[in-house]
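Asker: Residue numbers (the working numbering), protein chains in the order written: chain G, 1 to 113; chain W, 1001 to 1316.
A virtual CB, placed ideally from N, CA and C, is assigned to each residue, including glycine.
Structure incoming, see below.
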Amino acid sequence: MHEMALAESVVGIVEDYARRECVKRVRTVRLEIGRLSNVELDAIRFCFDAVTRGGVADSAMLDIEEVPGTGWCMRCAVQVPLAAMLDVCPRCGGCEVTVTGGTEMRVKELEVE
Amino acid sequence: MCTTCGCGESGTLIEGDAHEHAHADGTVHSHAHGHSHGQVRIGAEITASAEEAGLLHFGMGAAGAHAPGMSQARMVRIEQDILGKNDAYAAENRRRFAERAIFAVNLVSSPGAGKTTLLVRTIEALAGRLPVAVIEGDQQTSVDAERIRATGAPAIQVNTGKGCHLDALMVSRAIARLAPADGTLLLIENVGNLVCPADFDLGEAHKVVILSVTEGEDKPLKYPNMFRAANLMILHKTDLLPYVAFDVEKCIAHARRVNPAIGVLQLSSMSGVGLDPWLEWLARGAHAARVARERAIDRLQRRVVELEAEFAPTQG
């Protein structure tokens, strides 16, 4: 399961940081996940709880900031909002839209003790 | 069982590998391999089990750290890509491939699209023309690697356990075991899955997505991330076209809608029709990898001459 691997990568980043900075406990993990990424938010929440158990981020809150999808329409030469990867341009209805944002998968911030 | 720490079941070890264990109580320790061992822990998150020669088994690792005591909480900015570690391993693989003129191709598809059959046909057709090595990814069994080894090509099976995709560290370890010769065409058959392998860079030169005509022509629209990540789409099992309702033109249009730059080849591994352009595509890539390495060596040699001239003791 893909989200399990992502959750383990998140915990890897958190635990590396905790070791390096001598953090005793991580209370909150804030992620930035693009709406056009392959990530299912409920699945990553479920996996996060499972993989943090017994570690420095045990019972930590997972806070997910969703980044809206954006694209660049070649015809209109403007940035447009995209709800899905294959959306047409909301202005001209054309398909020549290149995705420019919304595929992020980042660990943004931690609340640590 | 590991006689050093008492954990793990029997299995063939990977000689010379140092490894680390995390126990249920959170203790972590590491030691070099001098004993038979089931669970090989690599890094913080992936556990591998070496079952037999030619098979790496990767499962999930438990995170091991504990922290008593509490103090004042504070927010810290981290700003790290979740897949940053995988990307770093992939970059290292890519550097190694370039150094050794290895042309690596990552083959992705849904289960049953005919990846292994295509590989077998490809290896047979390239025999004597190009050295080929194969990494086979599956959740379980080494059936596919055995099929490849029957052709005479070296192959290693990576079992991902619960995982649904190969990652760059698995490939890195598989390459270490395969030790492909310089100038090898390395074919990596990913786990049959059109979702997750799209996100995991393995260090390959290209992702090639295989879509068989027994599937729907709307797959590129249903799984856009994968078709966007691929450079080439192979429409496979074209010998079955007379028997299925599959609109080739529509499928290609869907793929180009997702990825305008995607190349398309149509072929049948059964009849061999359309196989030649695929073999040429591979040969061109392998040739380009060799040329790139020669150029890099030339550049370095010129730089050595320049530096020698610069630091040579002045005459006279």
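Alpha helix (DSSP H) containing W/H1287: first to last residue?
Answerer: L1275 to F1311
Asker: If you measure between the beta carbons of W/V1213 and W/L1194, is that distance less than 8 Å?
Answerer: no
Asker: Whether or not the region 1-12 of chain G and the region 38-46 of chain G are in contact is what I'm after, with contact meaning three or more pairs of Cβ atoms, one per stretch, closer than 8 Å; do they touch?
Answerer: With contact defined as three or more Cβ pairs closer than 8 Å, the region 38-46 of chain G and the region 1-12 of chain G are in contact.
Asker: Here's the rule: buried if 16 or more other CB atoms are within 10 angstroms of the residue's CB, otherwise exposed. What is W/I1297?
Answerer: exposed
Asker: Using DSSP's beta-bridge definition, name the partner residues of W/S1109.
Answerer: W/I1210
Asker: For a cutoff of 8 Å on Cβ pairs, would you count W/V1258 as touching chain G?
Answerer: yes
Asker: Indicate whether at least one CB of chain G lies closer than 8 Å to the CB of W/H1165.
Answerer: yes
Asker: Give the C-beta separation of G/V29 and G/A57 to the nearest angstrom, bearing in mind that I take them to be a contact with Cβ-Cβ under 8 Å.
Answerer: Contact between G/V29 and G/A57 holds, with the beta-carbon distance rounding to 6 Å and staying under 8 Å.
Asker: So, is the C-beta of W/A1198 closer than 8 Å to a C-beta in chain G?
Answerer: yes
Asker: So what's W/D1087 in DSSP terms, helix, strand or just coil?
Answerer: Here DSSP, grouped into helix, strand and coil, assigns W/D1087 to helix.
Asker: Less than 8 Å between the C-beta atoms of W/I1135 and W/V1158, yes or no?
Answerer: yes
Asker: Alpha carbon to alpha carbon, how far is W/L1307 from W/N1190?
Answerer: 44 Å
Asker: Restricting to runs no shorter than 3 residues, where is the beta strand (DSSP E) found entirely within the region 1165-1232 of chain W?
Answerer: 1185-1189 and 1206-1212
Asker: Is W/R1074 close to chain G, meaning its C-beta is less than 8 Å from at least one C-beta of that chain?
Answerer: Closer than 8 Å: yes.
Asker: Suppose only complete runs of 3+ residues qualify. What are the beta strand (DSSP E) ranges in the region 14-77 of chain G, listed by chain order?
Answerer: For the region 14-77 of chain G, the continuous beta strand (DSSP E) assignments of 3+ residues that do not extend past its boundaries occur at 26-34, 61-67 and 69-73, in sequence order.
Asker: Counting only runs that start and end within the region 1108-1167 of chain W, where is the alpha helix (DSSP H) found for 4 or more residues in a row?
Answerer: 1115-1126 and 1143-1149
Asker: Pick from G/V11, G/C22 and G/K108: whose alpha carbon is nearest that of G/S59?
Answerer: G/V11
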